[in-house]
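Below is one structure, written out as structure tokens; the observations come after it.
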């Protein structure tokens, strides 16, 4: 993957997360700026997703731990746990919100 392809994929993923949050009935705030997306929960905790262009990765920091996702077989995959990006985000968001969160990319 070249830098342009990485930027397009990473930016599309961050936008998909924003759009998925907008569809939720759970009150989450988010702020996006410069390749970084902060999702803020009612208790003040955050999930931060940010681009890591030199490594062609998306990094995810949650209340519980951090993850580094790489593009593999048309998906972002956490290189430590093997979890797919959306599975990882939903699990972390559900734990931090205290209710089930189901973020999905719009088709």
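In our numbering, the protein residues as written are 209 to 315.
Glycine included, each C-beta is placed from N, C-alpha and C at the ideal position.
On a predicted model such as this, the values are computed, not experimentally measured, just so you know.
- Residue environment: residue 289 is assigned as exposed (fewer than 16 neighbouring CB atoms within 10 Å of its CB, all protein chains considered).
- By the Cβ-count criterion, residue 272 is exposed, with fewer than 16 other Cβ atoms from all chains shown falling within 10 Å of its own Cβ.
- Pairing residue 306 with residue 255, the inter-Cα distance amounts to about 14 Å.
- Apart from sequence neighbours up to five positions away, the residues of its chain that approach residue 286 with a beta-carbon distance below 6 Å are 275, 277, 296, ordered along the chain.
- Per DSSP, the continuous beta strand (DSSP E) segment holding residue 265 begins and ends at 265–269.
- With a threshold of 16 other beta carbon atoms within 10 Å, residue 259 meets it and is buried.
- Closest in C-alpha terms to residue 235, from the list 213, 304, 212, comes 304.
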